[in-house]
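Protein chains in written order, with the numbering used here: chain A, 13 to 140; chain B, 13 to 140.
There are 2 protein chains.
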Amino acid sequence: MQMSLVQTNLNKRISNALSMHGISFTEFQVMLNLSIAEKQTMRRIELAESVGLTASGVTRLLAPMEKIKLIEKEKNARDARVSLVKLSKAGRKILKDSLITFEQASNSFMQNLKENETQQLLKLIHKL
Amino acid sequence: MQMSLVQTNLNKRISNALSMHGISFTEFQVMLNLSIAEKQTMRRIELAESVGLTASGVTRLLAPMEKIKLIEKEKNARDARVSLVKLSKAGRKILKDSLITFEQASNSFMQNLKENETQQLLKLIHKL
DNA sequence: TATATTTACTTGACAGCTCAATCAAATTAA
DNA sequence: TTAATTTGATTGAGCTGTCAAGTAAATATA
Numbered sequence: 013m014q015m016s017l018v019q020t021n022l023n024k025r026i027s028n029a030l031s032m033h034g035i036s037f038t039e040f041q042v043m044l045n046l047s048i049a050e051k052q053t054m055r056r057i058e059l060a061e062s063v064g065l066t067a068s069g070v071t072r073l074l075a076p077m078e079k080i081k082l083i084e085k086e087k088n089a090r091d092a093r094v095s096l097v098k099l100s101k102a103g104r105k106i107l108k109d110s111l112i113t114f115e116q117a118s119n120s121f122m123q124n125l126k127e128n129e130t131q132q133l134l135k136l137i138h139k140l
Numbered sequence: 013m014q015m016s017l018v019q020t021n022l023n024k025r026i027s028n029a030l031s032m033h034g035i036s037f038t039e040f041q042v043m044l045n046l047s048i049a050e051k052q053t054m055r056r057i058e059l060a061e062s063v064g065l066t067a068s069g070v071t072r073l074l075a076p077m078e079k080i081k082l083i084e085k086e087k088n089a090r091d092a093r094v095s096l097v098k099l100s101k102a103g104r105k106i107l108k109d110s111l112i113t114f115e116q117a118s119n120s121f122m123q124n125l126k127e128n129e130t131q132q133l134l135k136l137i138h139k140l
């Protein structure tokens, strides 16, 4: 209940901050997940799982990202059904910049919490 | 980051549970807020604030709710611009049933937390 | 008192997602 | 090997919300 409102607020603040890099929060999450993936590459289904979208949502999200060359497609030699996704060089650059903005926005959001409270909150959320 | 995923999950579970009463999570929140409001009545703007929507979103949300008579409109004698919203009798009944479902869904979501952890989480969220 | 500004709400256009249906490739079962 | 099933991804239709512009009533300013 309260959680929803807090979350709505957090999303807005982060989206707003990230917009200066021309990307949405979801796009940011996709890029971040790609960057920490083994081999820097992911299937669309894994991506969906990791950002909380459906496969369909991922398709729709990725299309424009590919058009402006934030990401690249790659074939999977073993399985012709899968369409691998990879960060482009430009994508990595934008992600790097966005990460700083993201940190700032997150910190400002958490500013009312002391360091150990923040840790505690994260721990509790993890348990859910 | 993790918080977004947790929230997405929570929303889905609650929405899913509430769907058995024919209402969405947002509609539930509106009804709940109306029920605890002084005089059982609220302006659309207050409602928007309380559920984290824009005034526009509230207009669109309330239209069908009024059509199926979950809520009722009421004029404000002092100010002809405002459109007061009120729970109908049917609305109160549905809210009452929905509250039980909501509690169950919330509890099942929090099941991995001990009682004092739940309290702690709520407290931390409030601070944000 | 007439005009400008603000406030409460609504509306058109559109973003961002889901679901259900679909297709093609891979896997399993006969 | 052929047929049935499962899996990864895309597409059309539709839902839920936003933003920007608009309307009408209330309030402030000249």
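Just so it is clear, CB atoms sit at the ideal spot from N, CA and C, and this is done for glycine as well.
If you're wondering where the values come from, they're calculated on a predicted model, not measured in any experiment.
**Message:** Between the alpha carbons of Arg56 (chain A) and Asp91 (chain A), how many angstroms are there, rounded?
**Reply:** 13 Å
**Message:** Please list, in chain order, the residues of the region 86-105 of chain B that have any C-beta partner in chain A closer than 9 Å.
**Reply:** none
**Item:** Exposed unless 16 or more other CB atoms sit within 10 angstroms - verdict on Met43 (chain A)
**Value:** buried
**Prompt:** Leaving out five residues before and five after Ser62 (chain A) in sequence, what residues of the same chain have Cβ atoms less than 7 Å from its Cβ?
**Reply:** Asn45
**Item:** Nonlocal neighbours in the same chain, by C-beta distance under 8 Å from Lys81 (chain B), ignoring five residues either side
**Value:** Ser100, Ala102, Gly103
**Request:** Can you check DSSP and say which residues form a bridge with Ile83 (chain B)?
**Result:** B:Leu99
**Message:** Just to confirm the assignment, what range does the alpha helix (DSSP H) spanning Arg154 (chain A) have?
**Reply:** Because chain A in this structure spans residues 13 to 140, residue 154 (chain A) falls outside the shown range and cannot be described.
**Request:** Report yes or no: do three or more beta-carbon pairs, one from the region 107-114 of chain B and one from the region 59-77 of chain B, lie closer than 8 Å?
**Result:** no
**Beta-carbon proximity list for Ile35 (chain A), same chain, < 8 Å, skipping 5 on both sides** = Met43, Leu82, Ile106, Ser110
**Message:** Given this structure, state the Cα-to-Cα distance separating Arg93 (chain A) from Gln14 (chain B), to the nearest angstrom.
**Reply:** 30 Å
**Item:** Any C-beta of chain A under 8 Å from that of Gly64 (chain B)
**Value:** yes
**Buried or exposed (CB count within 10 angstroms, at least 16 for buried), Ile26 (chain A)** = buried
**Asked** From what residue to what residue does the alpha helix (DSSP H) around Val42 (chain B) run?
**Response** 37-47
**Asked** Taking Cβ positions only, does Ile137 (chain B) come closer than 8 Å to chain A?
**Response** yes
**Message:** Just checking: is the beta-carbon of Thr20 (chain A) within a distance shorter than 8 Å of some beta-carbon in chain B?
**Reply:** yes
**Prompt:** Rounded C-beta distance between Gln132 (chain B) and Gln132 (chain A)? I'm assuming under 8 Å.
**Reply:** 7 Å
**Prompt:** Does DSSP put Thr66 (chain A) in a helix, in a strand, or in coil?
**Reply:** coil
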